[in-house]
Each structure stands twice: as structure tokens, then as C-alpha cells.
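Protein chains in written order, with full-length UniProt numbering: chain F, 1 to 193; chain A, 1 to 193; chain H, 1 to 193; chain E, 1 to 193. Think of the CB as a built atom: it goes at the ideal place given N, C-alpha and C, for glycine as much as any other residue. The next block holds one structure in the form of C-alpha cells; read it before the comments.
Number of protein chains: 4
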Amino acid sequence: MKGKIIQTAIDLFDEKGFKETSIEDITDNIGATKGTFYYYFKSKQELLKDIHLSFILDLLQKQEEIIRDPSKNNYQKLYDIIYLIISGIKTKGKSARIIFREMRHIEEVHLEQIKGKRRDFRLNVQALLEDGIAKGHFKNNVRADILAFSILDMVNRTYYWYNPDGEISEEELVNYYLEIILNGIKNRGPEHN
Amino acid sequence: MKGKIIQTAIDLFDEKGFKETSIEDITDNIGATKGTFYYYFKSKQELLKDIHLSFILDLLQKQEEIIRDPSKNNYQKLYDIIYLIISGIKTKGKSARIIFREMRHIEEVHLEQIKGKRRDFRLNVQALLEDGIAKGHFKNNVRADILAFSILDMVNRTYYWYNPDGEISEEELVNYYLEIILNGIKNRGPEHN
Amino acid sequence: MKGKIIQTAIDLFDEKGFKETSIEDITDNIGATKGTFYYYFKSKQELLKDIHLSFILDLLQKQEEIIRDPSKNNYQKLYDIIYLIISGIKTKGKSARIIFREMRHIEEVHLEQIKGKRRDFRLNVQALLEDGIAKGHFKNNVRADILAFSILDMVNRTYYWYNPDGEISEEELVNYYLEIILNGIKNRGPEHN
Amino acid sequence: MKGKIIQTAIDLFDEKGFKETSIEDITDNIGATKGTFYYYFKSKQELLKDIHLSFILDLLQKQEEIIRDPSKNNYQKLYDIIYLIISGIKTKGKSARIIFREMRHIEEVHLEQIKGKRRDFRLNVQALLEDGIAKGHFKNNVRADILAFSILDMVNRTYYWYNPDGEISEEELVNYYLEIILNGIKNRGPEHN
DNA sequence: CATGAATGAGGATTCATTCAT
DNA sequence: GATGAATGAATCCTCATTCAT
Numbered sequence: 001m002k003g004k005i006i007q008t009a010i011d012l013f014d015e016k017g018f019k020e021t022s023i024e025d026i027t028d029n030i031g032a033t034k035g036t037f038y039y040y041f042k043s044k045q046e047l048l049k050d051i052h053l054s055f056i057l058d059l060l061q062k063q064e065e066i067i068r069d070p071s072k073n074n075y076q077k078l079y080d081i082i083y084l085i086i087s088g089i090k091t092k093g094k095s096a097r098i099i100f101r102e103m104r105h106i107e108e109v110h111l112e113q114i115k116g117k118r119r120d121f122r123l124n125v126q127a128l129l130e131d132g133i134a135k136g137h138f139k140n141n142v143r144a145d146i147l148a149f150s151i152l153d154m155v156n157r158t159y160y161w162y163n164p165d166g167e168i169s170e171e172e173l174v175n176y177y178l179e180i181i182l183n184g185i186k187n188r189g190p191e192h193n
Numbered sequence: 001m002k003g004k005i006i007q008t009a010i011d012l013f014d015e016k017g018f019k020e021t022s023i024e025d026i027t028d029n030i031g032a033t034k035g036t037f038y039y040y041f042k043s044k045q046e047l048l049k050d051i052h053l054s055f056i057l058d059l060l061q062k063q064e065e066i067i068r069d070p071s072k073n074n075y076q077k078l079y080d081i082i083y084l085i086i087s088g089i090k091t092k093g094k095s096a097r098i099i100f101r102e103m104r105h106i107e108e109v110h111l112e113q114i115k116g117k118r119r120d121f122r123l124n125v126q127a128l129l130e131d132g133i134a135k136g137h138f139k140n141n142v143r144a145d146i147l148a149f150s151i152l153d154m155v156n157r158t159y160y161w162y163n164p165d166g167e168i169s170e171e172e173l174v175n176y177y178l179e180i181i182l183n184g185i186k187n188r189g190p191e192h193n
Numbered sequence: 001m002k003g004k005i006i007q008t009a010i011d012l013f014d015e016k017g018f019k020e021t022s023i024e025d026i027t028d029n030i031g032a033t034k035g036t037f038y039y040y041f042k043s044k045q046e047l048l049k050d051i052h053l054s055f056i057l058d059l060l061q062k063q064e065e066i067i068r069d070p071s072k073n074n075y076q077k078l079y080d081i082i083y084l085i086i087s088g089i090k091t092k093g094k095s096a097r098i099i100f101r102e103m104r105h106i107e108e109v110h111l112e113q114i115k116g117k118r119r120d121f122r123l124n125v126q127a128l129l130e131d132g133i134a135k136g137h138f139k140n141n142v143r144a145d146i147l148a149f150s151i152l153d154m155v156n157r158t159y160y161w162y163n164p165d166g167e168i169s170e171e172e173l174v175n176y177y178l179e180i181i182l183n184g185i186k187n188r189g190p191e192h193n
Numbered sequence: 001m002k003g004k005i006i007q008t009a010i011d012l013f014d015e016k017g018f019k020e021t022s023i024e025d026i027t028d029n030i031g032a033t034k035g036t037f038y039y040y041f042k043s044k045q046e047l048l049k050d051i052h053l054s055f056i057l058d059l060l061q062k063q064e065e066i067i068r069d070p071s072k073n074n075y076q077k078l079y080d081i082i083y084l085i086i087s088g089i090k091t092k093g094k095s096a097r098i099i100f101r102e103m104r105h106i107e108e109v110h111l112e113q114i115k116g117k118r119r120d121f122r123l124n125v126q127a128l129l130e131d132g133i134a135k136g137h138f139k140n141n142v143r144a145d146i147l148a149f150s151i152l153d154m155v156n157r158t159y160y161w162y163n164p165d166g167e168i169s170e171e172e173l174v175n176y177y178l179e180i181i182l183n184g185i186k187n188r189g190p191e192h193n
């Protein structure tokens, strides 16, 4: 039941928004009553917090596995992190969009924790880039902080337009991103004017 | 008075969200009454629509001036479009963030117009990229459609973290973006391992 | 202008109701502003009172002309009064329906006057019936008071379903009413079973 | 509680009108809160619809019992139908007046159903008259359609002036009506001039 | 475990009216 | 004569939440 509530809430929050989804919307959808909701959750905001946390902790944990893996170089780690995000669209896209949009409704008490985890995720990317710069993988004129923002912004927005069941596969998309990030789009061939 | 309402609404919508901002919040802030609001606007949604439209029409018009300018090549046009976005953060950042977040509350009737204009903006970038590919400015293995999304997603998200009065100037930021987009971050120098 | 306001108000009050018609509905319809309305009328209720009074005073005056006419007998007077009502449907049906429905919104101050006039109209019919009973025109077992109600209720409701431009002419309808009232519908002929 | 709300609403709608009665008026009267109202009714209009329907369905059902009864001839059926209406004044007069006056506020969706039922009631009377004409009970020069309107208009308006606890009993009133309808008021005795 | 009843605070909207110009 | 700006009171409705059972 608790799982059903969470799943339905994710669907509705994504579709209509947190504020626009009432407890009754959720319980109606699963044939339960409002009372049932309050049996499982202290409040609507607590449910939102749970959704946020379970998404972000899972992602962060997977990211840290990638980063810690000594068998991968920085290019591969960057690839894996982007793939981690893109491949989650199919199953966790709704959660992700909720997180980007509804952070405002997280209560003060939990806000710091959640913002901290999101920051950790970004700082991990930034550290990866800094390491890559130090090791000469990446150019030394890039700012790792801005770049971490840029890459994540670009990749995260994919949640809003990419259809994982469309003509472009997840792997192709990740490769596109990596190609742009690594090599840019400027043509340096002989036909260049 | 109408202008004051709009300005206050933009501030509050950005700060607290559309749904979370009551008409009274707005009018209290300017020492007017709720009645006054409804003298100037048919509904709360109409105000939101006005904010959306005035932002997007202005941006689109400026973009089209850039694109039509025959004295600029595609690199310069791309620079100018990114600069157009970034330089708007200071004065119109709040409107922009509202637009990214509150589209859901636009009524069906106006939705198509607004979505159309946003699509136009993106398709203009895409067309610019396609033209650049055809002319050999840009590599011919990039997909202009995905790229247009990527560039705009990356640049648009700047609204959420960039402080125009901070240590990085708008021009520097635009240059960073252009550098990444055009040349990527991979180090190709001799020190490369 | 005042006339235009009254006419439009009558149309709208009939169509949507007094409470449901706003001052703005009225003024919008004639291309004026709310201010204009208040130039001509002290309040919305005053306008309603004006409509009531001008309708009822006109009707009452015509009724009294009929009753005073020494050349007519009671049958003819009854005919004429019913015809007076029916023939007013085309031009004053809207006013009439407003009067039946919106009396509740007349202010205390004017209520007695208007109710008095409506009562006068009914009592005139009652007096006519009493006179007819005394003179042997009408049966002496009828109660003039109930009958006055019955006749007026029946005839007045015609405003709600009769179409003066339809297949039944006003004269025919009046004759029907008179026939029923005078002779009833019971078949007394030989074919009676 | 739901019953208390309906009863109070009927009282107030009859006394002040639908539009003029606020939800708070109703709930204040029974010591409940606005929220309670909306626990039991989706909207104010739904409550009105419920009042309409329960009144009219009950009446229609009873009418149909009368009509189907093979032991009664058309005179008796006409009597019973009029008695059905008049005898309802004491207990359901308020509902009846609401129905005559507030149909306008019924939502489009339910309007057809309710208008249909009212039409059925009238058409049943019309059919009864037609049957009576065919059987020679009633004169063959009467129009059953107009007559059905006339009889119902006359009888239904009783709701507005008849006091069931006054000097005239319900049975007397019904007899008066039937006498007028069947035999008319014209004196045909020898003293007739 | 789960429900149904009840609440109360908040919020969008309507609208008659006033008044300075 | 007429208008536009502003008001404020009233009203419908939503909804998270509580609680006894």
C-alpha cells in the first residue's frame, strides 16, 4: 500500500505538480481513502521528502561506485556518470523531474540534507574534472566548477525531452554528449573556411 | 499600477512559485487591494500568460535580429544568441525562471502560442547549426536537433546558479560556453597521456 | 442612453436573472462603462424598481379603463382583461417574467407600493367576478377570491410558454381561456358515456 | 447531517433564493462549517439538483400510479392528480417553489433530465385529456396541449398563495378547481341574462 | 489497518459602489 | 454627461489535516 501510494504520487506529482495534486487525487487513484494516506505518512511534505531522498541517495551511491572504481580512467568515469543519468530516465524520469521542480516544497528541516546530496553529486563531477585537468586529460583552461554545472544542466534537462523508446538509443545519446563535451563541434578539417 | 503588479508578481512567482503566491500576497506588497488586481487582470492565469508572452516575444525578436544580420557568421551568431540569454539574467532572470517552471499553469488556450514561440526560438538555433554544418563551420557528424536542445538547456539553466554580479563577467561566461561547445574540453596537446 | 440601459437590463434580467446580471454585463452590451450606469441610476435595485413600476402602472391603468367602460358587460370585460395580458406578451413579456421572478430583490421601501399595485390588479378582477355573480352572469357557487387567483395564475403563466408568433393567434388563445373559464371542458352532449 | 443540510437549504432557498443563500447561511443554521457542506456535496449546484430531482421523481412516480390505475375514470384521475399537487403543498411546498424559480441554476448536464421529467408530468396530463376527449368525457373542441398547460399553471401557482392550514381545506380547493375546469363559471340557470 | 466524518484556514473571483476628473 | 481607477465585502470552493471508531 505504501509503495502504491508513492508510485501514484510520483505519477501525479510529475503530471500535475506537487501543489496541484491533492491527497485525495492520490488515494482516489488507488481506491483508498485520505485516512489511509495519513496512516502511512505524517504529511504530504513527508511523502515528497521520501521521494526526493530515495531518488538522490540511490543516484549518489551509484555515482560513488563509478568514481571509486580504479579500473576506469576519467573519460570512462565521465561516460558512466552521464550514462547513469540517461539510463535512469526510463524508470526514474518522473522522480527526477519532480526533484528538479518541487524542491521548493521540501521543509526547511530536510532541505539542507537534500540540497547537500545534490551538491555532493555535482561536486563529485567537479572533482573528477579537476582530477582530469591535473592529469592532463582535460584542458587546463577550463573551470571545473562552471563545467560541472554545464554538463549536469545539459544532461539533466534530457529528462524533459528525450524519449528512451525513440529512434536514438541511450548509448548513442551519451556518446553524443561526450563527443560534444570532449571535442566540441567546430570543424577543423580542410574544408574549414 | 499595472506595471507594479506585474513586477511584484514576477518577484513573488520566482521566489515562492505561482501557486504559492496569492493575489493578496501581490497586492499587499504594493499597498493595493485584491479588487485592484482584478481591475487590471481577468485572472491570475492571465497575469502569468502576460509575463510569459512579453518575455518570450522580446527574446524571440532579438534573436531574429541576430539571425538576420548578414554581417555576422555562424560563430558570431551563436555567440550573440548565447550572450542574449546570459545578458538577460540580470534584468529578466526572474521572468525566465518563472517561464521554465510555471508553464504548467498556462491555460490551454494560450499554451499553444507560448509553446510555439519557445519552439521557434529553439528551431532558430537548430537552423543556425544546420546552416553552419552545411557551410563547413560545424562538424557534419553532429545532430543539429539534439545539439540545439543541449546548448539551450545548458545555457538556460545558467539562470539558476549564475550571479551576474559575481567574479565571472557575462562575457567571460559566454566565452566559456562557446569554447566548450566549439572545441570541447579534451586536451590534445603534447602533455596528453 | 437611460432608455438603452433599461432595455438592455430587461433583456438580460429576463435571460439570466437579476442577481446573475452584473452592471458591467449591461453596460458592456451598450458600449458604456459602469460609471455611466451610476450617472443614470442610484443603484441596481432602483433600476429593477423602475422596470417593475412602469410595467405594472401601465397595465393597471389599462385594466381600469376596461373596467370603467360602461358599454361592456362582464363577459366582455373579462375577455378584454385576458386579452390585455396576452397581447402584452410580445412587447412586454420580458418585463412580465422579470416581475414574477425578481420581486424578492425589490427594496423594502418600494415593495409595498409594487405589491399593492399587483394586488389592485387582482382585486379588480375579483370585483368584476363578484359583480358578475351578483348580476347572475356567473354562477353563485364560485368563490371570487380563489377564482381571481386561478384565472390570473393561468393566464400569467402564458408568459412562459406561449409564442405569439406561433400557430395560435392571441385572439384564439384568449377565446380558449374564456371558453374554459365560462363553460368548462366537460362534455354534456348525447355522445357522453 | 446530509439530511439536515438539505432541509435547511430548502428553507433558505425558498425564503431568500438560491443565489442569495450562501453556503455559510446554510451551515451556520445547523452549527456546522463550510467544510462539512463540501464533504457531502460537490457544489452548491449539486445540492440544488438533488432537491429538484428528489421532488420531481417522487411526484412523477405518484402521478404514474394514478394514471395506471384501471379502477379510475378520467374525471377521477384528473381529480387525483390535482389533489396530488395540492396535498403536497404542506410538506413539499418549499421544494416546489424552489423548482419553479431556480431551474435556471441547474447545470447544463442535469438540465435535460429535469426538464424531461417535468415535461413527462405535463404530457401525462395531456394524454389523460386526450384520452378523455376520445372517450367523450371531455368536449372535443378543447386543445389538450394548451389545456394541460392551463390546468398545471393554475394549480401549480397555488403554491404561492394557498395556506393549507387556512379556512379552505385541500379537498375543497381541489373540488373548486375541478368544478371550474369541468363546468366553467357561466351561469346557465333561468336567472341568466 | 483503514475509514468516514468533520474542520478551518486559505485563496480565487465577482461585483456593486464610490469618486475624482 | 461620462469615464476609469480603485475598493472591499461577500462568496464559492479546495484541501491538508485530525480523530474517533
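| Query | Result |
| --- | --- |
| Isoleucine 85 of chain H beta carbon near the ligand FAD (any heavy atom closer than 7 Å) | This structure simply doesn't include the ligand FAD, nor any ligand for that matter. |
| Between the CA atoms of lysine 2 of chain H and glutamate 108 of chain A - distance to the nearest angstrom | 40 Å |
| Stretch pair the region 106 to 120 of chain A + the region 83 to 90 of chain A: three plus CB contacts closer than 8 Å | no |
| The region 43 to 61 of chain F touching the region 129 to 137 of chain F, judged by at least three CB pairs closer than 8 Å | no |
| N-terminal and C-terminal residue of the alpha helix (DSSP H) that histidine 52 of chain A is part of | 44 to 68 |
| Alpha carbon of aspartate 145 of chain A to alpha carbon of leucine 123 of chain A, nearest angstrom | 8 Å |
| Residue-chain proximity (tyrosine 176 of chain A, chain F), Cβ-Cβ < 8 Å | yes |
| Exposure label - threonine 91 of chain E; buried when at least 16 CB within 10 Å | exposed |
| Lysine 94 of chain E - containing alpha helix (DSSP H), residue span | 89 to 102 |
| Residue closest to residue 194 of chain H, alpha-carbon to alpha-carbon, out of H:Gln45, H:Gly93, H:Lys77, H:Arg119 | Because chain H is modelled from 1 through 193, residue 194 of chain H falls outside the range shown and cannot be assessed. |
| Proximal residues of chain A, C-beta to C-beta of methionine 154 of chain F below 7 Å | Ser150, Asp153, Met154 |
| For glutamate 167 of chain E, the first and last residue of its enclosing alpha helix (DSSP H) | Counting along the chain, glutamate 167 of chain E falls outside any alpha helix (DSSP H), and DSSP gives it neither H nor E. |
| Nearest-angstrom beta carbon gap, tyrosine 160 of chain H and arginine 97 of chain H [assumed within contact, 8 Å] | 7 Å |
| Distance CB(isoleucine 106 of chain H)-CB(glycine 184 of chain E) smaller than 8 Å | no |
| C-beta atoms of phenylalanine 37 of chain H and isoleucine 5 of chain H nearer than 8 Å | yes |
| Alpha-carbon to alpha-carbon, lysine 42 of chain H and glutamate 15 of chain E | 26 Å |
| Rounded distance between the beta-carbons of leucine 12 of chain F and isoleucine 26 of chain F, thought under 8 Å | 6 Å |
| Chain E contacts made by the region 125 to 137 of chain H, where a contact means CB separation under 9 Å | Leu129, Gly132, Ile133, Lys135, Gly136, His137 |
| Distance CB(isoleucine 151 of chain H)-CB(valine 125 of chain H) smaller than 8 Å | yes |
| Buried or exposed (CB count within 10 angstroms, at least 16 for buried), glutamate 102 of chain A | buried |
| Buried/exposed call for leucine 173 of chain H, threshold 16 Cβ in 10 Å | buried |
| Beta carbon proximity, isoleucine 185 of chain F to chain A, threshold 8 Å | yes |
| Test item: CB-CB of histidine 137 of chain E and asparagine 187 of chain H under 8 Å | yes |
| Whole-angstrom distance between threonine 8 of chain F and asparagine 29 of chain F, CA atom to CA atom | 7 Å |
| Sequence-distant residues of the same chain with beta carbon closer than 7 Å to tyrosine 75 of chain A, five excluded per side | His137 |
| Positions along the region 84 to 96 of chain F whose CB lies within less than 8 Å of some CB in chain A | none |
| Closest by C-alpha distance to valine 142 of chain A, when choosing among F:Glu179, F:Arg118, F:Lys19 | F:Glu179 |
| Nearest-angstrom Cβ-Cβ length linking leucine 60 of chain E and phenylalanine 121 of chain E, presumed shorter than 8 Å | 5 Å |
| Contact with chain F by arginine 118 of chain A, beta-carbon distance below 8 Å | no |
| Beta strand (DSSP E) runs wholly inside the region 103 to 165 of chain H, at least 3 long, in chain order | none |
| Residue burial classification, lysine 77 of chain H (beta-carbon count within 10 angstroms, cutoff 16) | buried |
| Alanine 148 of chain A burial status per 10 Å Cβ neighbour count (16 or more: buried) | buried |
| Same chain, Cβ closer than 8 Å to lysine 139 of chain A, five either side skipped, listed in chain order | Ile133 |
| C-beta contact flag for isoleucine 10 of chain A and serine 87 of chain A at 8 Å | no |
| Distance between glutamate 171 of chain H and phenylalanine 18 of chain H (C-alpha atoms, nearest Å) | 32 Å |
| One or two residues paired with lysine 186 of chain A in a DSSP bridge | F:Phe138 |
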